[in-house]
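Novice: As given, the protein sequences belong to chains Y and F, one line each in that order. For the first sequence, this note's numbering begins at 1 and goes up steadily by one. For the second sequence, this note's numbering begins at 1001 and goes up steadily by one. Backbone N, C-alpha and C fix where the C-beta goes; we use that ideal spot for every residue, glycine too.
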Amino acid sequence: MRVSTPILYSAGADRIVRQQAEWLRTQQQLASGRRMLAPSDDPVASAQALRVGQSHGLGAQYAANQAAAERALSLAESSLAEAGDTIQGARVLLVQAANGTLTEADRRAIALDLRARFGHLIALANARDADGQYLFSGYQGAREPFVPTAAGAQYQGDEGERLLAVAGGRMLAVSVSGAEIFERVPAGNGRFVVVPGTGNRGSATHDGGTVEDAAAWTGHRYRVQFSVFGGATTYDVHDLTAGTTVASGRPYVPGQPIAFDGVAVAVNGAPADGDLFELEPGAVKSAFDALHEVAALLEAPLASDGAARARFANGITAAMQSLEQAQARVLEVRARVGASLAELESLQALVSAGMLQDASELSRLADLDYAEAASRFAAQQRALEAAQRSYVRVASLSLFDFI
Amino acid sequence: MATSIFGIATSGLHAAQAGLATTSHNIANVHTAAFSRQQAVQSTPLPAYTGSGFFGAGVSVATVRRVYSEFLEVELRASLARSAAARELRTQLRALDDLLADPAAGLAPALGEFFAAANAVAAHPADAASRQAMLSAAGALAARFQALDARFEAQREAIGRQLGDAVAAVNAYASRIADLNQRILYASAQGGATRAPNDLLDQRDALLRELNREVGARALAQSDGTVNVFLSGGQALVVGTRAYALATARDPESPQDFVVGIRTGDSLLRLRADDLAGGRIEGLLQARDVDLAHARNALGRIAIALAARFNDQHRLGQDLEGQLGASFFSAGAPALTASSLNTGSAELAVSIADPSALGTSPYRMRWDGTSWNLTRLSDGTTRSFAMLPQTVDGLTISLSGGSPQPGDAFRIEPSAAGAAGFSVLVREPARIAAAAPIRTGSAATNSGGARISAGTVNGLDPNLRETVTITFTGPNTYDVTGTGTGNPTGLSYTPGEPISFNGWTVTITGTPAAGDTFTVRANTGGVADNRNALALAALQTARVLEGGTASLGEAYSMLVGAVGSHTREAILASEAFERLADEAVRAQQELSGVNLDEEAANLLRYQQAYQASGKALAVAQRLFETLLELGGR
Chain Y
1 MRVSTPILYS AGADRIVRQQ AEWLRTQQQL ASGRRMLAPS DDPVASAQAL
51 RVGQSHGLGA QYAANQAAAE RALSLAESSL AEAGDTIQGA RVLLVQAANG
101 TLTEADRRAI ALDLRARFGH LIALANARDA DGQYLFSGYQ GAREPFVPTA
151 AGAQYQGDEG ERLLAVAGGR MLAVSVSGAE IFERVPAGNG RFVVVPGTGN
201 RGSATHDGGT VEDAAAWTGH RYRVQFSVFG GATTYDVHDL TAGTTVASGR
251 PYVPGQPIAF DGVAVAVNGA PADGDLFELE PGAVKSAFDA LHEVAALLEA
301 PLASDGAARA RFANGITAAM QSLEQAQARV LEVRARVGAS LAELESLQAL
351 VSAGMLQDAS ELSRLADLDY AEAASRFAAQ QRALEAAQRS YVRVASLSLF
401 DFI
Chain F
1001 MATSIFGIAT SGLHAAQAGL ATTSHNIANV HTAAFSRQQA VQSTPLPAYT
1051 GSGFFGAGVS VATVRRVYSE FLEVELRASL ARSAAARELR TQLRALDDLL
1101 ADPAAGLAPA LGEFFAAANA VAAHPADAAS RQAMLSAAGA LAARFQALDA
1151 RFEAQREAIG RQLGDAVAAV NAYASRIADL NQRILYASAQ GGATRAPNDL
1201 LDQRDALLRE LNREVGARAL AQSDGTVNVF LSGGQALVVG TRAYALATAR
1251 DPESPQDFVV GIRTGDSLLR LRADDLAGGR IEGLLQARDV DLAHARNALG
1301 RIAIALAARF NDQHRLGQDL EGQLGASFFS AGAPALTASS LNTGSAELAV
1351 SIADPSALGT SPYRMRWDGT SWNLTRLSDG TTRSFAMLPQ TVDGLTISLS
1401 GGSPQPGDAF RIEPSAAGAA GFSVLVREPA RIAAAAPIRT GSAATNSGGA
1451 RISAGTVNGL DPNLRETVTI TFTGPNTYDV TGTGTGNPTG LSYTPGEPIS
1501 FNGWTVTITG TPAAGDTFTV RANTGGVADN RNALALAALQ TARVLEGGTA
1551 SLGEAYSMLV GAVGSHTREA ILASEAFERL ADEAVRAQQE LSGVNLDEEA
1601 ANLLRYQQAY QASGKALAVA QRLFETLLEL GGR
């Protein structure tokens, strides 16, 4: 085989140039820490790295949303906890108020305390978050949810739930409507409320009633009406919804429950002829209205006749029932918020695990193996040096040196 | 006898001198391009007849020939054309590849940051700072789209200029080849069949090699010593002593692009890519018309889909001031160019009907006299329509006026301008429609256990925000009252079944009681509502492209992957073709290249021959002197 002189030079020079290019590439990889300097170095891994990067970014987004959700829910949680305590305090006051030996001044003092708690509860229900948005006003974050009225307080917000995307496919409600917590509280015992007739003249008081047999409970409106005839007190029970009479002429024994259709209402005291109690199912009572009403009841002077005392006692019973329901509702919502917080915690772990996985995948796809690259760099350098030395030797050899 | 010794010795001196001259010529031209080493061919002249037989008459130099193989040279030229094409494609794609290489400079981070900002608005819908941040991120996204597109555009323009340079080089080489043909024609006539003008032939081969680096060209040798040169499509570039010129001109159907044509008389015959196979020109055309066009269209398609889907959702929302959302982004409209050669008056209009059905290929629409033929240029699929409008691949094409003449053509680029025209239309933070325009509620007095969902908005209806009341007349029936509903009564209730009026849909679940009412009303003051912001943020992962199989980010990673793998292919092809070209050079050099050591040996050889002939001459001289001495006595 003939070798021409230009080939002798160019082949050697080409090899050196090629090796230099490879050497430089390794150097660039080492300097940047990136395995792929351009997508063409590994097109599949490049496209994958972009996708994994997007997934990682999404994870970061979920983490940020989770933090925002946690802040909102924690804020709601602490407001609700304090609201529960406030209502509990009011209930204790009502127990005091029920004591018949209190003086007018005592009752006024209790009423004053209740008013203060009312104000505190309004303030809690009108709590704002860090952005200045009301927590419990639904979608209308800029609108104060509760304003005091002559009858208690009026809800001005709506029933909207604010949601946040806290994981792929999971929207978590991070707000609760104030109407649900404070306003739409079932009245009475949760199933029905016992409403004494406004014209009652006797001293009969009720215990609020209970549903003894849920299966027999119809959900109808009932009226219990007393008749006093010849010293004997009897009562009739009418089903107002169905228009039927459930019981008639039953003898009344004070303290004995009046039972029908699965419910029992204990009545004490002496009803007058024609006195009545009505059972209203499905009624709601705002916690604010209940507090306001009972405060007003305590503030009013108490006459000493039996009917007035009965009205007072029934009022306290109704308020106690309402506040019990209100507290139960607050606890229920708190439990829901707590469950959301617990879910958030597990989602946080899930999302951060996913992000960690994405990060390691990203590193596997794009990052340089320094040990491998450094040894490659050294090997390429040696090869380049060898090529340069041999080139000089080959190029310096000429027959012309000898003639 | 002595005279013949003189003659023979002198002829030997001449021959050795010729050898020395040829060797020196070889040494001098060791690095001359396309130089083939030469050899002085010696032969014996006619011997002289004497009574004793034939006596040799010395040596003569028959010719100087170059050591050359036509076959090897043709191979070399073809391999140069292929490797130049591959190398140019690689160079261009590397530039495109590098543009998409930096993970921080591509579209992905800008897209991610924008959706992160949208999510922040969803988390804090009333916060002015979050809203401002979303607008800023949207601006940055628009700038990124435009910057990437501008880089594509710059590269396209650069390719156009390089195409012009390549064409100028081709023309220069062609005319010099024609000149050399002329000189070779004269020289060959002078030298006859056996005495070729070696250096001129080498020069022409050098030019043919250079020509092939620009564009693939075949040379056919003629009997008179000239060569005719043809492009791979068969168009003549040089015929004998005449050269034809290539030229670039604006594409009549796509005036922003230059096409290459060949001048015949006054008109320019447009050459297709197939006619221009090989050389830099092939690489340039391939990079521009295939890869760069694809990258640009794919990017534009992402911009169009993002703008369309984001706008659709944004318009269904309500901003901080209670107004319905406006369009958030705008993207470049599809481009439609009527060929400058059209003779009819037809004007077409094109619009995007479904961004998810869009491809990345341009189209050509042609009227053949009876029907419209729409060709997708990426794969050549043609569909014919008797009439317009038609919707194909997410594009609606309609005739907006005039009438076509047979042969009229239009070029449609659905998404080429998408990224360049991408901009943000919403300027005030308060105008971001993060809320939904309706909200639902239930009466406080409801005694049943039914609940109403938050509701979704599915279309823009003039009565969207009218108050609508759903009143249950029994556990299984309800009436609806409100403007736009037609106040239907006695509708039957199935829990969980969607109830739709006025462009919204709600569901009611649970058991309602007679008299329970639910309302759907305008979301007045709903500044903390983030439902629409959540829907907007969810578009990040929505599969809005490729017929609903790829999200925006995935479509971008597909683009990067496609450019990367094409570049990789081009690099591998270029390395392979370069190796083949090296092989061809080596094979050619093995035969024709100058080896200095060999020439040094030749120098010694001819020097010794010269010295020997000189000695012979000296002997002849002495013989002659001997004779003279004899005569002098």
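Following a CB-centred definition, is F:L1076 positioned closer than 8 Å to any heavy atom of the ligand PLP?
Specialist: Looking at this structure, you won't find the ligand PLP or any other ligand, since it has none at all.
Novice: Consult DSSP for F:T1032 and reduce its assignment to one of helix, strand or coil.
Specialist: coil
Novice: Could you give the DSSP three-state label for Y:Q133: helix, strand or coil?
Specialist: Note: Y:Q133 maps to coil in three-state DSSP.
Novice: Around the C-beta of F:M1134, are 16 or more other C-beta atoms found within 10 angstroms, so that it is buried, or is it exposed?
Specialist: buried
Novice: Would Y:F226 pass as an interface residue toward chain F - the criterion being a Cβ-Cβ separation below 9 Å?
Specialist: no
Novice: Quick one: is F:T1541 near chain Y, going by C-beta distance under 9 Å?
Specialist: yes
Novice: What residues of chain Y sit near F:M1558, judged by a beta carbon separation below 7 Å?
Specialist: A47
Novice: So F:L1284 packs on F:Q1155, CB below 8 Å; how close in whole Å?
Specialist: With 8 Å as the limit, F:L1284 and F:Q1155 do not qualify as a contact, their Cβ atoms being about 11 Å apart.
Novice: Pair every Cβ in the segment 1253-1272 of chain F with every Cβ in the segment 1194-1206 of chain F, then say whether three or more of these pairs are closer than 8 Å.
Specialist: no
Novice: Name the DSSP beta bridge partners of Y:M171, please?
Specialist: Y:A165
Novice: Quick one: Cα of Y:D241 to Cα of Y:Q325, how far?
Specialist: Asp is not the amino acid found at residue 241 of chain Y; the sequence shown has Thr there. Near 25 Å, if we compare the C-alpha coordinates of Y:Q325 and Y:T241.
Novice: Quick check on the burial criterion: 16 or more other C-beta atoms within 10 angstroms. Buried or exposed for F:A1009?
Specialist: Its Cβ being crowded by 16 or more others within 10 Å, F:A1009 is buried.
Novice: I'd like to check one pair, F:P1197 with F:N1297: are the Cβ atoms closer than 9 Å?
Specialist: no
Novice: Determine the direct distance from the alpha carbon of F:L1539 to that of F:F1310, and round the result to whole angstroms.
Specialist: Rounded to whole angstroms, the separation of the alpha carbons of F:L1539 and F:F1310 is 7 Å.
Novice: If I'm right that Y:A290 touches Y:A319 with Cβ under 8 Å, what's the distance once you round it to whole angstroms?
Specialist: 5 Å
Novice: Would you say the segment 1516-1532 of chain F touches the segment 1311-1327 of chain F, given that touching needs at least three Cβ pairs under 8 Å?
Specialist: Contact between the segment 1516-1532 of chain F and the segment 1311-1327 of chain F is present, because at least three Cβ pairs lie under 8 Å.
Novice: Specify the secondary structure class of F:M1001 as computed by DSSP and reduced to three states.
Specialist: At F:M1001 the pLDDT is 46, less than 50, meaning the model places this residue with poor confidence and gives no usable figure here.
Novice: Counting only the same chain and skipping the five closest in sequence on each side, list residues whose C-beta sits under 7 Å from that of Y:V394.
Specialist: L8 and G12
Novice: Just how far apart, CA to CA, sit F:M1001 and F:E1073?
Specialist: Confidence in F:M1001 is poor, its pLDDT being 46 and thus under 50, which makes the residue's placement too unreliable to answer from.
Novice: Name, please, each residue of chain F whose Cβ falls closer than 8 Å to the Cβ of Y:I403.
Specialist: A1600, L1603 and L1604
Novice: Applying the 10 Å Cβ sphere with the 16-neighbour rule, what's the burial state of Y:L135?
Specialist: buried
Novice: Less than 8 Å between C-beta atoms, sequence neighbours within five positions excluded: which residues of the same chain meet that for Y:Q88?
Specialist: Only Q327 meet the Cβ criterion.
Novice: State the DSSP-derived secondary structure class of Y:D261, mapped to helix, strand or coil.
Specialist: coil
Novice: Can you tell me the Cα-Cα spacing of Y:L80 and F:T1507, whole angstroms?
Specialist: 29 Å
Novice: If we require 3 or more residues per run, which beta strand (DSSP E) segments fall completely within the segment 198-281 of chain Y?
Specialist: 222-229, 232-239, 244-251, 257-260, 263-268 and 276-281
Novice: Using the Cα positions of Y:V253 and Y:A259, report the straight-line distance between them to the nearest angstrom.
Specialist: Between the alpha carbons of Y:V253 and Y:A259 lies a gap of roughly 12 Å.
Novice: Taking contact to mean 3 or more Cβ pairs, one atom from each stretch, closer than 8 Å, check whether the segment 1081-1091 of chain F and the segment 1576-1588 of chain F are in contact.
Specialist: yes
Novice: For chain F, find out if any of its Cβ atoms is closer than 9 Å to the Cβ of Y:Q357; answer yes or no.
Specialist: At a cut-off of 9 Å between beta-carbon atoms, Y:Q357 makes no contact with chain F.
Novice: What is the residue span of the alpha helix (DSSP H) that F:Q1092 lies within?
Specialist: E1070 to L1099
Novice: CA-CA distance, Y:V330 and Y:G84?
Specialist: 6 Å
Novice: Would you mind telling me which residues of chain Y sit closer than 9 Å to F:V945, beta carbon to beta carbon, in chain order?
Specialist: Look at the range of chain F in this structure, 1001 to 1633, and you will see that residue 945 of chain F is not part of it.
Novice: Are F:V1619 and F:N1029 closer than 9 Å when you measure CB to CB?
Specialist: no
Novice: On the DSSP bridge assignment, give the partners of F:N1181 in chain order.
Specialist: Per DSSP, none; premise fails for F:N1181.
Novice: Taking the continuous beta strand (DSSP E) assigned at F:I1499, which residues delimit it?
Specialist: Under the DSSP assignment, F:I1499 falls in the beta strand (DSSP E) whose first and last residues are P1498 to F1501.
Novice: Name the chain Y residues that come within less than 9 Å of F:P1512, Cβ to Cβ?
Specialist: Chain-ordered listing is empty here: chain Y has no CB closer than 9 Å to the CB of F:P1512, the nearest sitting near 12 Å.
Novice: Starting from F:Q1589, find everything on chain Y with Cβ-Cβ shorter than 7 Å and list it in chain order.
Specialist: S4, P6 and I7
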